[in-house]
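Peer 1: Got a structure for you, questions after.
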């Protein structure tokens with residue numbers, strides 16, 4: 023018997039999971055993402071006719087649409103089950119138009135998690151396509167198209183062929199440049215600390231200089247330090263004040279898109295793009311053997327920390343059974359939410375808390391397991407009791423000079439039994455405690471250790487820090503953070519140095535020109551306001567054409583001014599430090615699609631190009647002739663190979679060391695471990711700490 027109903031989703035993995043739950047009457051097919059889009063060869067937007075977009079079938083999607091049309095003709099009813107956000111709504115709308123379906127009919131189904139109950143429930147209440155959501159997505163797409171396709175040709179003429187300008191991406195690059203300028207202009211200020219080492223009843227502890235006569239004092243120079251040390255009389259201090267408190271520490275709320283990307287970067291060393299790719303796999307479904315294919319997490323593009331009552335009850339039951347009643351949270355916590363939160367979906371959580379990371383580990387890849395474990399632990403911890411810390415603050419006095427010591431000890435772990443955010447370390451919390459001091463006790467000073475310090479500039483943005491900043495400023499939305507970070511790197515406007523963003527010369531030139539002629543494009547407040555306007559379109563409170571019209575009126579004038587007044591900029595090529603072996607002209611460094619490379623400056627007469635190689639000072643251990651160089655895979659993962667490739671096929675994911683193993687004479691490599699880097703032998707069990 024053929025299927026009576028056709029369901030269309032974006033991906034085959036999602037189709038496979040959903041079809042299992044719906045039964046034989048349903049056939050689930052994948053559209054493989056969008057089927058229509060604006061053309062690449064032209065702007066595709068009629069600005070004089072209400073900004074009407076000109077959609078065309080995406081190249082290669084013709085056979086997909088043909089197959090879906092044939093299946094739709096045979097079906098009693100077609101359901102469109104793309105993701106539950108603006109992008110998913112737009113995919114459903116484009117599919118409806120391509121398949122000639124009635125967008126006003128109840129053809130749209132949405133669900134926040136791919137589980138049997140959620141899927142069956144969603145098919146009980148299908149709805150029509152939400153045109154407010156579609157128009158919000160259309161408005162964003164058209165805005166980005168207008169900015170990109172109108173500014174880019176000007177940059178080609180004035181700066182360099184192939185440049186492009188993005189609306190939200192330009193703001194991100196500007197933030198990175200502003201931070202770099204702050205760092206370069208930063209003037210460090212000297213300050214000093216005095217650490218005192220004290221003892222009482224055989225126990226030792228540290229305290230730091232606080233001030234004099236109860237007032238806090240800053241030490242700006244070595245002379246300030248000497249003045250304080252000279253005032254100290256003898257080797258004993260009196261305990262002037264002891265304050266003991268019990269402090270509750272609350273767990274972090276469940277993940278939203280931005281916090282997941284930040285924590286995965288810090289704890290798992292994942293790039294934002296990788297985090298979203300792996301999360302998508304967990305959401306769409308994993309084959310769990312006898313249990314079949316199951317979606318392990320709820321939808322991963324969300325800005326809400328809201329959790330369903332069913333999930334809360336499950337979590338309470340699990341925590342009580344696994345850890346005891348005292349570990350269940352006392353009452354509902356009021357969590358702070360930002361002004362820009364749409365609250366369309368739940369927080370990111372496991373679809374069932376009873377599917378512990380260890381119970382599904384055998385079915386997951388290493389990356390899937392690590393991310394699922396992070397999501398599972400964060401959610402479980404968010405539903406647990408607060409941790410209780412015993413804290414102690416002690417003031418020590420000698421001749422009105424005050425040193426202060428702070429200590430804390432874990433009294434009840436609560437949620438910390440499962441998860442602690444970022445780099446917090448439970449062991450440090452437990453060990454950082456003071457002796458049982460009482461007022462008027464005498465403590466002996468063992469040593470006074472002054473140390474000189476200088477104020478530090480603000481740090482460069484990591485991916486996690488930049489996502490957090492964009493979120494705080496109201497720029498971008500959950501679905502846009504990862505593409506923003508990916509785009510600014512692909513365009514060559516920024517590079518990553520030790521996992522921190524550094525602007526390139528090209529990035530500075532482009533942003534300088536955009537700042538001068540299109541100031542609103544990189545204005546943080548303007549961009550955040552535009553995001554709010556898109557939200558209002560989604561809520562049906564604003565007309566999308568009016569929003570576009572308001573933006574374009576000022577933008578058009580700036581375009582006309584830039585065409586006339588923007589001066590041509592020459593970007594000088596950077597000398598590569600060697601001459602062309604074919605014609606003798608200097609080699610220069612160029613930027614291509616896949617990064618920097620060397621090219622002959624005598625182009626186009628000489629078309630010689632070479633990759634930029636980084637030697638690590640190690641002779642190839644395999645052929646004993648070549649040099650080991652640092653290379654990058656297609657996924658931009660660093661590996662090490664011989665520069666005589668393909669004659670020599672030596673390859674290592676770990677960095678070789680320029681000396682043999684003292685135990686077996688094998689190749690030593692630098693291996694990354696949790697504590698840093700360890701030197702290990704690639705052939706025997708020899709290890710040494712760096």
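In the working numbering, the protein residues as written are 23 to 712. Quick reminder that beta carbons are idealized off the backbone N, C-alpha and C, glycines included.
Name the two residues that bound the continuous alpha helix (DSSP H) containing residue 195.
Peer 2: Indexing the chain shown from 1 puts residue 195 at position 173. Counting along the chain, the alpha helix (DSSP H) containing residue 195 begins and ends at 189 to 207.
Peer 1: Rounded to whole angstroms, what's the CA-CA distance from residue 75 to residue 164? Just pull it up for me.
Peer 2: For this step, residue 75 is matched to residue 53 along the chain shown. For this step, residue 164 is matched to residue 142 along the chain shown. For residue 75 and residue 164, the distance between alpha carbons rounds to 8 angstroms.
Peer 1: Cutting at 8 angstroms between CB atoms, please list the residues of its own chain near residue 128, excluding the five before and the five after it.
Peer 2: Taking the first residue of the chain shown as 1, we reach residue 128 at position 106. So the list reads 148, 149, 150, once near-sequence residues are dropped.
Peer 1: Tell me whether residue 706 is buried or exposed, calling it buried when 16 or more other Cβ atoms sit within 10 Å of its Cβ.
Peer 2: Counting from 1 along the chain shown, the entry for residue 706 is found at position 684. Its Cβ having fewer than 16 others within 10 Å, residue 706 is exposed.
Peer 1: Please return the same chain residues whose Cβ sits closer than 6 angstroms to the Cβ of residue 492, not counting the five positions on each side in sequence.
Peer 2: To locate residue 492, count along the chain shown from 1; it is residue 470. Only 498 meet the Cβ criterion.
Peer 1: When you compare only the Cα positions, how much space is there between residue 227 and residue 666?
Peer 2: Start at 1 with the first residue of the chain shown, and residue 227 comes out as number 205. Start at 1 with the first residue of the chain shown, and residue 666 comes out as number 644. Going from the Cα of residue 227 to the Cα of residue 666 covers about 58 angstroms.
Peer 1: From residue 58 to residue 110, what distance separates their C-alpha atoms?
Peer 2: On the chain shown, residue 58 is found 36 positions in, with the first residue counted as 1. On the chain shown, residue 110 is found 88 positions in, with the first residue counted as 1. In a straight line, the C-alpha of residue 58 is about 13 angstroms away from that of residue 110.
Peer 1: Put residue 476 into one of helix, strand or coil per three-state DSSP.
Peer 2: Taking the first residue of the chain shown as position 1, residue 476 is located at position 454. Strand.
Peer 1: In whole angstroms, what separates the C-alpha of residue 206 from that of residue 479?
Peer 2: The sequence position of residue 206 within the chain shown is 184, counting from 1. The sequence position of residue 479 within the chain shown is 457, counting from 1. The alpha-carbon atoms of residue 206 and residue 479 are separated by roughly 8 angstroms.
Peer 1: Using CA coordinates, which residue listed in 423, 181, 458, 418 is at the minimum distance from residue 431?
Peer 2: What you label residue 431 is simply residue 409 of the chain shown in a count that begins at 1. If we check each option's Cα against that of residue 431, 458 comes out closest.
Peer 1: For residue 677, count neighbouring Cβ atoms within 10 angstroms of its own Cβ and tell me buried if that reaches 16, exposed if not.
Peer 2: The sequence position of residue 677 within the chain shown is 655, counting from 1. Classification for residue 677: buried.
Peer 1: Is residue 254 helix, strand or coil by DSSP?
Peer 2: If you number the chain shown from 1, residue 254 lands on position 232. Coil.
Peer 1: Would you identify the three-state DSSP class for residue 172, choosing helix, strand or coil?
Peer 2: Translated into the one-based positions of the chain shown, residue 172 becomes position 150. Helix, per DSSP.
Peer 1: Per the DSSP calculation, residue 73 is bridged to which residue(s)?
Peer 2: On the chain shown, residue 73 is found 51 positions in, with the first residue counted as 1. DSSP lists no partner for residue 73.
Peer 1: Identify whether residue 594 lies in helix, strand or coil by the three-state DSSP scheme.
Peer 2: Within the chain shown, numbered from 1, the residue matching residue 594 stands at position 572. Three-state DSSP puts residue 594 in coil, outside helix and strand.
Peer 1: Leaving aside the five residues before and after residue 44 along the sequence, list all residues of the same chain whose C-beta is less than 6 angstroms from its C-beta, in chain order.
Peer 2: Locating residue 44 in the chain shown gives position 22, where the first residue counts as 1. So no residue of the chain qualifies.
Peer 1: For the candidate residues 321, 401, 304, whose alpha-carbon lies nearest to that of residue 335?
Peer 2: Here residue 335 is taken as the residue at index 313 of the chain shown, counted from 1. The shortest C-alpha separation from residue 335 is found at 401.
Peer 1: DSSP three-state call for residue 675: helix, strand or coil?
Peer 2: The residue labelled residue 675 in the question sits at position 653 within the chain shown. Three-state DSSP puts residue 675 in coil, outside helix and strand.
Peer 1: Find out if the Cβ-Cβ distance for the pair residue 54, residue 32 is shorter than 8 angstroms.
Peer 2: Position 32 of the chain shown, counted from the first residue, corresponds to residue 54. Position 10 of the chain shown, counted from the first residue, corresponds to residue 32. Yes, the Cβ-Cβ distance between residue 54 and residue 32 is below 8 angstroms.
Peer 1: Would residue 690 and residue 488 be called neighbours here (beta carbons separated by less than 8 angstroms)?
Peer 2: Sequence index remark: in the chain shown, residue 690 carries index 668 (1-based). Sequence index remark: in the chain shown, residue 488 carries index 466 (1-based). Contact: no.
Peer 1: Answer with buried or exposed for residue 115, where buried requires no fewer than 16 other C-beta atoms within 10 angstroms of its C-beta.
Peer 2: The count along the chain shown starts at 1 and reaches residue 115 at position 93. Residue 115 comes out buried.
Peer 1: Could you check what DSSP says for residue 511 in three-state terms: helix, strand or coil?
Peer 2: Walking along the chain shown from the start, residue 511 turns up at place 489. Of the three classes helix, strand and coil, the one that applies to residue 511 here is helix, per DSSP.
Peer 1: Pull up the distance between the alpha-carbon of residue 654 and that of residue 345, whole angstroms please.
Peer 2: The residue given as residue 654 occupies position 632 in the chain shown. The residue given as residue 345 occupies position 323 in the chain shown. Roughly 46 angstroms separates the two Cα atoms.
Peer 1: Among residues of its own chain, excluding the 5 on either side of residue 78, which ones have a beta-carbon nearer than 6 angstroms to its beta-carbon?
Peer 2: Indexing the chain shown from 1 puts residue 78 at position 56. Taken in chain order, the residues that qualify are 61.
Peer 1: Decide if residue 695 is buried, meaning its Cβ has at least 16 other Cβ atoms within 10 Å, or exposed.
Peer 2: Numbered from 1 along the chain shown, position 673 holds the residue referred to as residue 695. Answer is exposed; the Cβ neighbour count stays below 16.
Peer 1: Quick one: any contact between the stretch 556 to 567 and the stretch 577 to 591, if contact means 3 or more CB pairs under 8 angstroms?
Peer 2: Result no; under three Cβ-Cβ pairs closer than 8 angstroms.
Peer 1: Between which two residues does the alpha helix (DSSP H) carrying residue 227 extend?
Peer 2: As a position in the chain shown, residue 227 is number 205, starting the count at 1. No alpha helix (DSSP H) contains residue 227, which is instead part of the beta strand (DSSP E) from 225 to 234.
Peer 1: Just verifying my parser: in three-state terms, what is the DSSP assignment at residue 446?
Peer 2: Numbered from 1 along the chain shown, position 424 holds the residue referred to as residue 446. Because residue 446 sits at a pLDDT of 34, beneath the cut-off of 50, its placement in the model cannot be relied upon, and the point is left open.
Peer 1: Helix, strand or coil: which one does DSSP assign to residue 574?
Peer 2: Taking the first residue of the chain shown as 1, we reach residue 574 at position 552. Correct three-state label for residue 574: helix.
Peer 1: Below 6 angstroms CB to CB, which residues in the same chain sit around residue 210 once its five sequence neighbours on both sides are set aside?
Peer 2: Here residue 210 refers to the residue found at position 188 when the chain shown is read from its first residue. The answer, listed in chain order, is 476, 477.
Peer 1: Which word fits residue 332, buried or exposed, when buried means at least 16 other C-beta atoms lie within 10 angstroms of its C-beta?
Peer 2: The residue labelled residue 332 in the question sits at position 310 within the chain shown. Burial call: exposed.
Peer 1: Short of 6 angstroms in beta carbon distance, which residues of its chain neighbour residue 630, apart from the five on each side in sequence? Order them along the chain.
Peer 2: Counting from 1 along the chain shown, the entry for residue 630 is found at position 608. Contacts found: 602, 604, 622.
Peer 1: Mapping the DSSP letters down to three states, classify residue 219 as helix, strand or coil.
Peer 2: Here residue 219 is taken as the residue at index 197 of the chain shown, counted from 1. If DSSP states are grouped into helix, strand and coil, residue 219 belongs with the strands.
Peer 1: Hey, how far is the Cα of residue 17 from the Cα of residue 435?
Peer 2: In this structure the chain extends from 23 to 712, so residue 17 is not present and cannot be described.
Peer 1: Considering only their Cβ atoms, is the gap separating residue 221 from residue 426 smaller than 8 angstroms?
Peer 2: Mapped onto the chain shown, residue 426 falls at position 404. Mapped onto the chain shown, residue 221 falls at position 199. The answer is no: Cβ separation not under 8 angstroms.
Peer 1: In terms of residue numbering, what span does the alpha helix (DSSP H) encompassing residue 489 cover?
Peer 2: Translated into positions along the chain shown, residue 489 becomes position 467. From DSSP, the alpha helix (DSSP H) with residue 489 extends over 485 to 495.
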